[in-house]
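With the working numbering, the residue at position 258 of the sequence shown is 270, and numbering never jumps.
Glycine is no exception: its CB is placed at the ideal position from the N, C-alpha and C atoms.
This report refers to the structure that appears directly beneath it.
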Amino acid sequence: MSAAKRNMFAEGEFGQYIDVDGLNVHYYEEGYGTPVIFIHGVGQSIYTFRNNIEDFAACFRVIVPDLMGHGGTDGSDSDYLIEDYSEFLLSFMNALNIDSANLIGFSTGGVIAMDFALAFPERVKKLVLLSPGGPTENYPSQIRNMTIPIISDISFITFSRNTIRNILNTAYFDKTLVTDELVDVYYEFLHNKYGRDAVYTTLNNWDDSEVHENMGALNCPIYIFWGENDQWNPLEYLESFEDAIPNVYAATVRNGGHMLHEEKYREINRKAIELLLTDELV
């Protein structure tokens, strides 16, 4: 990716907007062919996929929205439940006249992708899940505290740049990737007009138990990538997905943390594109 394009993603000066059920939704689109929709995690934005978009766009029509209340997209008056995000995604696809697409979901975005595929199976071709899962006992305490209403507001007050850097250091195997630019992107989002409320409400209301209970009913091809050094969702969590989902291909990534699509993007891009282009699970 060129330096100019990289700066464009870091500064949020890219993409376009579309009205989705009254929300002004910010998204980025590049490439042609079968649609591939990337779904970022809670507290993130399109920026997290900055190293993935270009390679995928050489083979697919890549569409990356900022979820409601995230990045450049308006906040919502919903409860920010998982199913609210799925309904948002459905409306977004309808607004762009996309009948069906491949979905790539990272972390909590992977849970949203699974929920969407369970609710609207006819709209999903294939699923690629990157470090899928929601907050667990292994998440940094600052994030876990935000799932507890009585103390979550206090937790937000302490979200300094240094706190964000410490959190990100646990999400990457390669700590050198936690740059000032990266810290600034997360800091600015968590302190923008909608970001705080979106993250606060989503984590307060997060409940992915129904998705996990029903993921065996997923009937599209599913590819899961998991970092061997993921501190947030440890590798042993992968077993529950392999046991529950009959048509799943799972791959572990050496020296990959939770943010494996950022630190191991060349490996992820190559393998995921190959899998999406094939007709069979391998």
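Per DSSP, the bridge partner or partners of residue i
i           : result
residue 319 : The question about residue 319 has no answer here: the residues shown for the chain are numbered 13 through 294.
residue 141 : 117 and 236
residue 77  : 39
residue 48  : 74 and 114
residue 190 : Note: residue 190 sits in no beta bridge, so no partner.
Rounded C-alpha distance that separates residue i from residue j
i           : j           : result
residue 104 : residue 32  : 6 Å
residue 4   : residue 207 : In the structure as shown, the chain begins at 13 and stops at 294. Residue 4 is therefore absent and cannot be evaluated.
residue 164 : residue 291 : Because residue 164 sits at a pLDDT of 48, beneath the cut-off of 50, its placement in the model cannot be relied upon, and the point is left open.
residue 84  : residue 251 : 36 Å
residue 72  : residue 43  : 6 Å
residue 115 : residue 254 : 19 Å
residue 268 : residue 112 : 31 Å
residue 260 : residue 107 : 30 Å
residue 178 : residue 155 : 12 Å
Proximity winner among the options, relative to residue i (alpha-carbon distances)
i           : options               : result
residue 29  : 79, 63, 231 and 144   : 79
residue 93  : 222, 184, 84 and 113  : 222
residue 211 : 34, 62, 36 and 88     : 88
residue 118 : 282, 264, 236 and 134 : 236
residue 277 : 41, 121 and 265       : 265
residue 257 : 242, 270 and 234      : 234
residue 286 : 123, 68 and 63        : 68
residue 129 : 35, 288, 228 and 202  : 228
Coil, strand or helix - residue i by DSSP
i           : result
residue 257 : coil
residue 320 : Because residue 320 is not part of the residues shown, which for the chain are 13 to 294, the question remains open.
residue 163 : Any reading at residue 163 needs caution, since the residue's pLDDT is 48, under 50, leaving its predicted position unreliable; the model's value is listed next. Three-state DSSP puts residue 163 in a helix.
residue 264 : strand
residue 54  : coil
residue 223 : helix
| message | Runs of 3 residues minimum, wholly inside the segment 82-133: which ones carry the beta strand (DSSP E) assignment? | response | 113-118
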